[in-house]
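Start counting the sequence shown at 0; every next residue gets the next number (numbering that gives the first Met the number 0). All remarks here apply to the structure that follows.
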Amino acid sequence: MWEADRTKFSSADFGKSMRYDQKFGFLVFVFLFLYDCNYHYYVQKTSVESGSIPNLSKVKIAYIGFRPYFTQMTTSSSETRVYTANLMYPDRTIFKFQNGAYASDLKSTGYRKDVSSDKVKKFVQDYLNEVKDSGVLELTYVTSVEKKGEERIFKLKDIGADYYVLGIHTPAFQTSKHFGSSVLQLFSSIFP
Numbered sequence: 000m001w002e003a004d005r006t007k008f009s010s011a012d013f014g015k016s017m018r019y020d021q022k023f024g025f026l027v028f029v030f031l032f033l034y035d036c037n038y039h040y041y042v043q044k045t046s047v048e049s050g051s052i053p054n055l056s057k058v059k060i061a062y063i064g065f066r067p068y069f070t071q072m073t074t075s076s077s078e079t080r081v082y083t084a085n086l087m088y089p090d091r092t093i094f095k096f097q098n099g100a101y102a103s104d105l106k107s108t109g110y111r112k113d114v115s116s117d118k119v120k121k122f123v124q125d126y127l128n129e130v131k132d133s134g135v136l137e138l139t140y141v142t143s144v145e146k147k148g149e150e151r152i153f154k155l156k157d158i159g160a161d162y163y164v165l166g167i168h169t170p171a172f173q174t175s176k177h178f179g180s181s182v183l184q185l186f187s188s189i190f191p
């Protein structure tokens, strides 16, 4: 008699734990569904300037960048890991454009006088802010820096271009916006 009661008790307890496991599994599924495991990037829509669109067959376009990159761990210790993204020279993500050429393929005939040093400096700073030190070589094709005393004068090389188009592949290091994604990344790095 005692054995029968114990078996009855165990099966009832087992049924309750199954319902709890099913509810927990369902909640985990809903949580992952709502937070997803993907990364999403939202780009702000730029305002359209009113102006005529030039006939592309008559303008010269210089393309800067459009290089893939690779990431590597440069420093590792028990507390930290440092990863670096480096541009892959001479590889390109687009080999040849229909209109224009890469700035590295164009020859300089001096410097442009119509672009101020401040504008060139801002361009250099903005570009390096995105691609870091690995983009210095790319900038040498279109800019030059001259030091006069303590002052640095930034110059834009005259490569005969009417327009410059930048190709920067970002972000090199993705960051998670959702807690659920962070937890999944943590578990996937702990249990490969």
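Cβ coordinates follow ideal geometry from the N, Cα and C atoms, glycine included. Please read all numbers here as calculations on a predicted model, not as lab measurements.
Would you report the Cα separation of residue i and residue j, rounded to the nearest angstrom?
i	j	result
residue 162	residue 75	43 Å
residue 156	residue 100	15 Å
residue 160	residue 146	25 Å
residue 132	residue 118	20 Å
residue 193	residue 20	The structure shown does not extend to residue 193, since the chain is modelled only from 0 through 191, so no value can be given for it.
residue 92	residue 58	23 Å
residue 121	residue 70	27 Å
residue 60	residue 126	18 Å
residue 96	residue 28	46 Å
Nearest to residue i by alpha carbon, out of the options?
i	options	result
residue 109	26, 154, 57 and 168	154
residue 90	57, 149, 111 and 103	103
residue 87	25, 106, 136 and 78	136
residue 116	28, 61 and 142	142
residue 158	152, 151 and 140	140
residue 84	24, 68 and 98	68
residue 114	24, 80, 23 and 152	152
residue 65	148, 150, 134 and 149	134
Rounded to whole angstroms, how far is the Cβ of residue i from the Cβ of residue j, which I believe are closer than 8 Å?
i	j	result
residue 62	residue 72	Not really, about 31 Å apart at Cβ, beyond 8 Å.
residue 138	residue 123	6 Å
Would you list the one or two residues that DSSP bridges to residue i?
i	result
residue 166	64
residue 143	154
(Q) To test your reading of the DSSP string, which unbroken beta strand (DSSP E) runs of 3 or more residues are found completely within the stretch 63–125? (A) 68–75 and 80–86
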